[in-house]
Structure formats: C-alpha cells, structure tokens
Amino acid sequence: MEQRKSIWETDDSGLTREGENRPRLTDSIKKDVIVIGGGMAGILTAWFLQRKGADVAVVEAAGVGSGQTAHTTAKITWQHGLIYAWLTQKLGPEAAGEYARAGQQAAEDYQQIIQGERIDCDFKRLPAYLYTKDRLGDLEDEAMAARLCGIDCKIQKETELPFPVAGALRFDGQASFHPLKFLRAVSEKLEIYENSPVLEMDGCTVTTPEGSAEGKSVILASHFPFINVPGYYFLKTHQERSYVLALERAQRLRGMYYGIDPGLSWSMRSAGDCLLLGGAGHRTGFIPKQDPYTVLRETAEAFWPGASVVESWSAQDCVAAGRLPYIGPFSKNTPGLYVATGFGKWGMVHSMISARVLTNEIMGTARRKKTIFDPGKRKLSTGLAAILKNGAVSTKNLMASWAGVRPKCPHLGCRLHWNPWESTWECQCHGSRFGEDGSLLADPAQTKLDFD
Ligand SMILES: Cc1cc2nc3c(=O)[nH]c(=O)nc-3n(C[C@H](O)[C@H](O)[C@H](O)COP(=O)(O)OP(=O)(O)OC[C@H]3O[C@@H](n4cnc5c(N)ncnc54)[C@H](O)[C@@H]3O)c2cc1C
0 MEQRKSIWET DDSGLTREGE NRPRLTDSIK KDVIVIGGGM AGILTAWFLQ RKGADVAVVE
60 AAGVGSGQTA HTTAKITWQH GLIYAWLTQK LGPEAAGEYA RAGQQAAEDY QQIIQGERID
120 CDFKRLPAYL YTKDRLGDLE DEAMAARLCG IDCKIQKETE LPFPVAGALR FDGQASFHPL
180 KFLRAVSEKL EIYENSPVLE MDGCTVTTPE GSAEGKSVIL ASHFPFINVP GYYFLKTHQE
240 RSYVLALERA QRLRGMYYGI DPGLSWSMRS AGDCLLLGGA GHRTGFIPKQ DPYTVLRETA
300 EAFWPGASVV ESWSAQDCVA AGRLPYIGPF SKNTPGLYVA TGFGKWGMVH SMISARVLTN
360 EIMGTARRKK TIFDPGKRKL STGLAAILKN GAVSTKNLMA SWAGVRPKCP HLGCRLHWNP
420 WESTWECQCH GSRFGEDGSL LADPAQTKLD FD
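Printed below as a string of structure tokens:
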C-alpha cells in the first residue's frame, strides 16, 4: 500500500522537494557543525548556526522535510495540553515559567524570520483553545498555572465548535502556517546533502554510504536518536502516533483547538479551505481495534454533515519521559555531540527552541546557563514511571522475539506488530515502522526489515 500524503505534500504550491533532490554526500567534508536530519529541528538549527557565522552542513537520509514534519498539523503554539499545571507541580513555577517564555520566544522567532525573509507560508496569528466537556476543574488549574507563568489566558464557555463544551482555555497570539513552504524557504541557502543516511558515527565524524562528514560539533536532529549507547534515549523516549483528515466543506475555524478529555478528543485547525481534524492517537505498535480513519470520518460526519475528505494521513512523534524535550548535549561521554528530540507532538515550537538553545550551546559563551531542556539536568524522578513502562514494553517484546516470534525490528530486536489500518509493521518499544514489503518508514531503525 502506498503511504498516504499530507495536504502540505499534495497541495498545488509545488513546494515539496520531490524530484528536486539536492546532492548526495559523496566526499569527505569538514565543517564547524554537522546536523543530522533535515526536518524542522535540523533545518532551523542549521539556519541559526549559519546566521551566527558557523560553517554548517545538513546530512539528510531522504529529502528535506520528508519526515514527521511533512505530516504535522503545524500549529505554532505554547499551549501544550495540560502542561503548566504539571510542570509547576513537578518542577516548580520557575521551570514552568521558563517553558512558557521559551515557547513565546519561539513563536516570535517564527514571525521575525518569516517577515525578515519575506517567506510566503500562510503564517497567521490566531488564538488556541484547550477544550473540555467534563474536566473543567483541570482546565481551571491549568489556567491558574499558566497565569503564574505570565500567560494571559481566559476560560470561555462559548466557542465556535459544533458541540457544547464545559469550557475552553484561550491563549491569544498563537500561530499556524504551511510547514513545507516555510522549510523550503529557510533551507534554500543551506548546504544540504539529501539521500545520505548516516550509517555510522565515530566521535564527531559521520559516515554515509558514499561519503563522510567531520564536524567540531554534531547535532542529532534525526527525530528519534539512533545511537543507543550512551545516551539511552531508547529508554527515555517512546513514540505516539495519531491520524489526520483534511476536510472540505466543513467549517472555517477562527481558532485552533485541542481537546483534553481522555478517549475521543480532537485537534482542529483550518488550513486554507480545509479543516484539519486530528486524533485517535495511540502508542506506536499498540494497534487500535477500530480503524482510526473510520473513527475520524464518523466524527466528521457527525459534526460537519456534507464535508468530504481531501486527504488523510498519520504521523508520530517522540514523547520524552518527564514531558520536557531533550535539547542539549547528547551525554556526558560524547563531547561535541548534541541532541534535539522528544517534542511530544509540539515540535514546531520545540524545533525553534532547539535552534536557539543549540546555537547558544555551540556558539555561545562557555559560562552559559543550562536550560530546563538540557538532557543532563533532568531529574530521574519526573520521568521514572514512563522509563519503567518503556522498559516493561521492551522486555515483553524482546522476550517474544527471543522466543522466535517474527518479524523482529532491526533497531534493537523487538517483535513487530501488524497495523492493518496502515498496512505497516510497527515496533511497540521504540516506534520504528516498516511497509508491507519491509521498506523503512520511520526511525529509530535505520535499515529495512528482514523477514527471516
Ligand atoms: C499527527 C501529528 C500532528 C502534529 N501537529 C503538530 C502541531 O500542530 N504543532 C506542533 O508544534 N507539532 C506538531 N506535531 C509534532 C511535529 O510534527 C514534530 O515534533 C516535528 O515535525 C518533528 O520534527 P523533527 O525535525 O524532529 O523530525 P523529522 O521531521 O522527522 O525530521 C528528522 C529527519 O531526520 C532524518 N533522518 C533520520 N535518520 C537519519 C540518518 N541516519 N541520517 C540522516 N538523516 C536521518 C529523517 O529522514 C528526517 O527527515 C505533530 C505530530 C503529529 C504526530
């Protein structure tokens, strides 16, 4: 089955990179910084570094923006579910405030880049709402924590949604855009090698099938870090998948919405004439009983009778144990190596934060302050439950594979699960995905599936 494409990939802007490949890496190059991965995180980081005077090259396994960034719903927001109450409780109000300021700065950075470079990418400021049908108390706690972080917000009872809510928490000044139009513009002046998967790393030298690149620093912006030891991100991170419909003749929403009720809760925003309806998420590899696209279609029919589906697709993202993304030095034992991952489905803002934080790490003064995103600063206790769960899922799937259940994932050997709704093999442990024919669809695996 052919993989589904998002509206960003199929729209008539002609802005996708298909058929316009940049060169492969066929030489041995030396740079100040090598960025692995040409998604939103890698490209923005390379862009910032170049602006600060660094000699940078991006090494991309496939094409720029061909990873999860092509399948996002592209809301630029610092409203990330019930995050501020949680951060305040777990890490204190200062950490929650730092998170809020980083998100606000990131949205500001997008606007400045878009205006400064005159990028035509449908960028629009608009409000975002967290809505609930029955968790008003949680929404009120979130509003209180957000206000303590300096966020101007309010709870509304009335919305433009086609169903009643108990409340909707409004943040003003958020934004939406076309992620691939933006990415194409910012990647134009960068040195990028496409179709050049990094197969090996030795210190700050990376090897691709036909070449190699050495940097004083290397940034792993490959979505899920594919180096297992040290770092141990395979224990600290898992992947969550969700599904999106682009609907015609639905409703033009003035705001962006995200439901917080467990079970059937939706993400919504308008994009041109389409309404994007997202949801039906699950941990990758834990296959839902009902087709998620049917669930979304039935929801669309109930809310917007007469709407029709233009495109449907899915995507997945890395979720960090302890909810804060990992942005900073990869580990204590890998000098010069940096990471940007664990964006928890909020990678537009987190990619921009990565760009700022990593540029500052690499080009800034030696005595810079550590950020809350620094992987080395993380308290084990905040993510312990998730780490234990990741360990349990891995143990179960590794044991099945040792007992002979096939196919097994080339990443760390876990058994794979068949997803009939997508015709894919998926790993519950770390989220690698493969097509029916074994072709590699999603990292951290770096090779195709062998059915032996
Ligand atoms: C359904 C859904 C909706 C979302 N909506 C939003 C939203 O509205 N707002 C928001 O902020 N976030 C959203 N997100 C999250 C966001 O899309 C992601 O966090 C973000 O796109 C991740 O960007 P990235 O650069 O880290 O990864 P990617 O875009 O996947 O880029 C990583 C790149 O690394 C390359 N790579 C991998 N391995 C190698 C290798 N060995 N060598 C070289 N290159 C390699 C890949 O080919 C890829 O191009 C959503 C996520 C999902 C699942």
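Residue numbers 0 to 451, in numbering that gives the first Met the number 0, belong to the letters of the sequence shown in order. Just so it is clear, CB atoms sit at the ideal spot from N, CA and C, and this is done for glycine as well. All values derive from a computational prediction rather than experimental measurement.
Inter-segment contact for the stretch 420–433 and the stretch 283–292 is present: three or more beta-carbon pairs are separated by less than 8 Å. In the structure shown, V392 adopts helical secondary structure according to DSSP, grouped into three states. The straight-line gap separating the alpha-carbon atoms of V228 and W417 is approximately 28 Å. Straight across, the Cα-Cα distance linking Q67 with E435 is about 20 Å. Taking every protein chain shown into account, the CB of K188 has fewer than 16 other CB atoms within 10 angstroms, so this residue is exposed. When rounded, the separation of the alpha-carbon atoms in G166 and D260 is 12 Å. For K74, the distance from the CB to the nearest heavy atom of ligand 1 is below 6 Å. Boundaries of the beta strand (DSSP E) around L415: 415–418. In the three-state reduction of the DSSP assignment, T298 falls in the helix class.
Rounded to whole angstroms, the Cβ separation of R322 and G280 is 15 Å, and the two are not in contact under 8 Å. When DSSP states are grouped into helix, strand and coil, T131 belongs to the strand group. Residues of the same chain with a CB within less than 7 Å of the CB of V294, apart from the 5 flanking positions on each side, are A279 in chain order.
One Cα belongs to G277, the other to L244, and the distance between them is close to 6 Å. In this chain, the alpha helix (DSSP H) harbouring G102 covers 92–115. If you check the CB distance, P409 and F225 do not come in under 7 Å. Look at the beta carbons and you see the stretch 199–215 not touching the stretch 310–321: under three pairs across the two are nearer than 8 Å.
For H349, the secondary structure class from DSSP, reduced to helix, strand or coil, is helix.
One alpha carbon belongs to K30, the other to D54, and they sit about 6 Å apart.
Of the candidates A142, P126, R183, R183 places its Cα closest to the Cα of E116. When the alpha-carbon of Y231 is set against those of G52, R248, G390, Y192, the nearest one is in G390. Taking 7 Å as the cut-off, the Cβ atoms of P324 and F342 count as close.
No Cβ-Cβ contact shorter than 7 Å links V58 with I218. Secondary structure of S186 (DSSP, three-state): helix. For E425, the three-state secondary structure derived from DSSP is strand. E239 carries a strand assignment under DSSP once its states are collapsed to helix, strand and coil. Not a single heavy atom of ligand 1 lies less than 6 Å from the C-beta of W265.
For W312, the secondary structure class from DSSP, reduced to helix, strand or coil, is strand. If the five residues before and after V185 are omitted, its C-beta is found closer than 8 Å to the C-beta atoms of I42, L43, W46, I112, E116, I118, all from its own chain and listed in chain order. Between A94 and V348, the CB-CB gap reaches or exceeds 7 Å.
The beta carbon of F223 lies closer than 6 Å to those of C317, D442, P443 in the same chain, with the five residues before and after it left out. Taking C-beta atoms as the reference points, L448 and P419 fail to come closer than 7 Å. About 6 Å separates the Cβ atoms of I154 and A142, confirming a contact at the 8 Å cut-off. Relative to the non-hydrogen atoms of ligand 1, the Cβ of I154 never comes closer than 6 Å to any of them. Between the C-alpha atoms of V197 and A56 there is a straight-line separation of about 13 Å. Runs of the beta strand (DSSP E) spanning 3 or more residues and lying entirely within the stretch 7–95 occur at 27–35, 55–58, in chain order. Look at E360 here: in three-state DSSP terms it is helix.
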